[in-house]
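Counted from 1, the sequence shown has number 4 at position 20 by this note's numbering; the numbering is strictly sequential.
Written out below as structure tokens is the structure these notes cover.
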Amino acid sequence: MASLRLMAIALLLFLVVAVDFTSRLMSMVADGVLVAGVIAIAWPLLKTQK
-15 MASLRLMAIA
-5 LLLFLVVAVD
5 FTSRLMSMVA
15 DGVLVAGVIA
25 IAWPLLKTQK
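Written out as structure tokens, the structure is:
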């Protein structure tokens, strides 16, 4: 029973780190998509002004 409890603790600690890393990664990907969208929309405006 003690080893099962230790395995559950280890799994939960791993999940805490994994969720934190995944949320940070997803946030960076979402920011990249938004910046790419802004560039795609603004590109024709910047190109015609030259």
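Glycine residues also receive a C-beta, built at the ideal position from the N, C-alpha and C atoms.
All values derive from a computational prediction rather than experimental measurement.
Inter-residue spacing [alpha-carbon to alpha-carbon] between residue i and residue j
i, j, result
"M12", "W27", "22 Å"
"T32", "I23", "14 Å"
"T6", "L(-3)", "14 Å"
"L(-5)", "L30", "51 Å"
"V17", "L(-10)", "40 Å"
"G21", "D15", "10 Å"
"M(-15)", "V0", "23 Å"
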